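Presented below is the structure to which this report refers.
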Amino acid sequence: MIVRAAPIIGKSADSFNRHQVIWKRRFVAHFGLSVDSAVDVWEIVQEWFIAVGLKKVCFLWALYFLKVYPTESTAASKFNTSETNWRVKVKLAMDCFQQMEEIHFDDRFENWNHLEPSCYVDGTDVLVTETHPQDADLFSHKFHHAGYRYQVATALGCSKIVWVDGGVPCGSWPDLKMVRHGILGEIGPNEKVAADQGYCGDDQIMTKLHGRDAATRDHNHNLKQMGARHETVNARLKDFHILRGLYRANRNDHYRIFKAVAQITQVKLRREPLYSLDGLLR
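What the sequence shown shows, in my numbering, is residues 1075 to 1356, in sequence order.
Right, here's the structure in full:
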């Protein structure tokens, strides 16, 4: 990994041990994760990459694509290749990432034995290109622009994503509709998920309560702590600039991109875990 990455980040492989701080900063800036986490992901996907004729350097191209989201001409220039070759290799790499299965809903009960709630769910919007004429079904009130919506659920007892769903038009899929068509159909009869106020209106969802008694204050405090922790997951997903800015390619491919980033982020969380809720909940 070091040898392949060195010319991309502008450092020699021999300098890795001497200049680890610079290496770490540049590697993350180019590829969105640490050297160790990149090796972890490569060990999962290498068989699929090799099967379609992709080398390790193409794996780094794919990470660079997700992290930086350059134009094809910029990427072709940086990697001294043609735009066509870049496009073909990155598409094949995204196909390989689709085979990753690192997110498991049953993990919501790892180090956590509560049913109410069993996990925390929240939505995140991403920008996509407008249609002409504009389509109200795509309208995201967050961005005042066309967008796709996803829902991500995180475990509360461990540092894991346990659910990813979506890739649907923001305007026609409000949070509550989306959760009812998704994660609520997978939980047990006595189980609830926690969420913010955008999910009020369903008995299977725990949201903030009104009141000033001690039990209500504790309930709201706990939801606030869970929500704050979950926001760090959304932030880590959008460490990859392809989810932060406008997605310029075919909207129908966007779910594949989001899934790839989510799977890679899941692996990244093994070495860079979320903070624990131990001691924060009442």
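Glycine is no exception: its CB is placed at the ideal position from the N, C-alpha and C atoms.
Small disclaimer: the values here were computed from a predicted structure and weren't measured.
- Message: Considering only DSSP beta bridges, list what Leu1201 is partnered with.
- Response: Gly1221
Per DSSP, which one or two residues make a beta bridge with Trp1160?
Bridge partners of Trp1160: none, in fact.
Identify the residues that DSSP records as bridge partners of Trp1135: which are they? According to DSSP, Trp1135 bridges with nothing at all.
query: Once you ignore the five residues that flank Glu1204 on each side, which residues in its own chain have a CB closer than 8 Å to its CB?
result: Correct list, in chain order: Leu1212, His1219 and Ala1220.
Review point. If we count Cβ pairs, one from each stretch, closer than 8 Å, do we get three or more for the region 1333 to 1343 versus the region 1161 to 1175?
Key: yes
Quick check on Pro1144: does DSSP put it in helix, strand or coil?
coil
Check your understanding: Who pairs with Gly1240 in a beta bridge, going by DSSP?
Key -> Tyr1224
(message) Just verifying my parser: in three-state terms, what is the DSSP assignment at Ala1269?
(response) coil
In the DSSP assignment, what are the bridge partners of Ala1280? Here the sequence assigns Met to residue 1280, which means Ala is not the residue at that position. Beta-bridge pairing links Met1280 to Ala1268.
Residue burial classification, Leu1129 (beta-carbon count within 10 angstroms, cutoff 16): In the sequence under discussion, the amino acid at residue 1129 is Lys, which differs from the Leu named in the question. Exposed.
* Would you tell me roughly how many angstroms separate the C-alpha atoms of Gly1197 and Leu1137, rounded to the nearest one? => 24 Å
Of the listed residues Glu1265, Asp1114 and Met1300, nearest to Arg1344 (C-alpha basis): Asp1114
query: For Ile1118, which of helix, strand or coil comes out of DSSP?
result: helix
Can you tell me whether Ile1261 is buried or exposed, with buried defined as 16 or more other CB within 10 angstroms of its CB?
-> buried
**Asked** Measuring CB to CB, does Phe1179 end up less than 9 Å from Gly1231?
**Response** no
### Task
Indicate the three-state DSSP secondary structure (helix, strand or coil) for Val1126 in the structure shown.
coil
query: How about Asp1249 and Ala1269: do their beta carbons lie closer than 9 Å?
result: yes
Thr1148, buried or exposed, once every other Cβ within 10 Å from all chains shown has been counted against 16:
exposed
- Query: Does DSSP put Ala1323 in a helix, in a strand, or in coil?
  - Reply: coil
Legend entry - Proximity winner among Trp1186, Trp1247, Leu1134 and Arg1318, relative to Met1168 (alpha-carbon distances): For Met1168, the nearest C-alpha among the options comes from Leu1134.
Practice item. Please report how far the alpha carbon of Asn1294 lies from the alpha carbon of His1255, in whole angstroms. Key: Straight across, the Cα-Cα distance linking Asn1294 with His1255 is about 26 Å.
Opening and closing residue of the alpha helix (DSSP H) in which His1104 lies: Gln1094 to Phe1105
Given Val1131 as reference, the closest of Trp1116, Tyr1194 and Val1142 once Cα atoms are compared:
Trp1116
### Task
Could you have a look at Phe1213 and say whether DSSP puts it in helix, strand or coil?
strand
| said: Can you check which of these residues, Arg1161, His1215, Leu1320 and Leu1140, is closest to Asp1313 by C-alpha distance? | reply: Leu1140
Determine, using beta carbons only, whether Val1119 and Ile1076 come nearer to each other than 9 Å. no
- Please report the residue range of the alpha helix (DSSP H) in which Phe1314 lies. Unbroken run through Phe1314: none, as it is neither H nor E.
ask   = Assuming Thr1290 contacts Leu1283 under a Cβ cut-off of 8 Å, what Cβ separation, rounded to an integer in Å, is found between them?
value = 5 Å
| query | Going by Cα to Cα distance, which pick from Tyr1194, Ser1233, Ala1079 and His1328 is closest to Val1226? | reply | Looking at the Cα atoms, Tyr1194 is the closest of the given residues.
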